[in-house]
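Reading through the C-alpha cells given below for one structure.
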C-alpha cells in the first residue's frame, strides 16, 4: 500500500502579464508537474520534491515547489530513490499517486491565488495515468506529467 504521510509547499510564485479588465479570448491553461528529487528519509518513508506550474498562454503563470513524504510498503525507500537516481522515474503505481496528489493539492491552492491576481481558475483537474506506457518500453527523459 502507498500512503502520503506529509505535504508541504516551499515556495509559491504567481504573475499576471495582462492588464485587469483586458478581454482575453480562448485562454489556454497548461498544467505541468515534475518530480525534481527523490530521497529516502528513514526505513519506511521517502521524500519526493516537486514543481507544479499552471501556465496561462502568455498572460500569466502560477508555480509552486514543495515536498511529499510517501510510504510504500511494497518497496524500500532506498530502492525507490535508487531507481529515481538511475532512470529519473518512479514505479508507475507510485508515480500515479504522487502526481495526482500534487495536481489535486496544487490546483486548489492555485485557484485561490488566481482569484487574487485575477486569472481564470486552473480547472478542471487533470488526471495522471502512468500505466499507459507499454510493457518493456523504457521511458525517455525526466518524469513529467
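Numbering (the numbering used here), first residue to last: 1 to 145.
Idealized CB from N, CA, C, for every residue including glycine.
Small disclaimer: the values here were computed from a predicted structure and weren't measured.
Query, Result
"Residue burial classification, residue 100 (beta-carbon count within 10 angstroms, cutoff 16)", "buried"
"Option in 54, 6, 28 with minimal Cα separation from residue 62", "54"
"Residue environment, residue 84, which counts as buried when at least 16 other CB atoms sit within 10 Å", "buried"
"Local conformation of residue 59 per DSSP, three classes", "coil"
"Per-residue DSSP class, three states only, for residue 10", "strand"
"Own chain, CB closer than 8 Å to residue 23, minus 5 neighbours either side, in chain order", "none"
"Distance between residue 43 and residue 119 (C-alpha atoms, nearest Å)", "43 Å"
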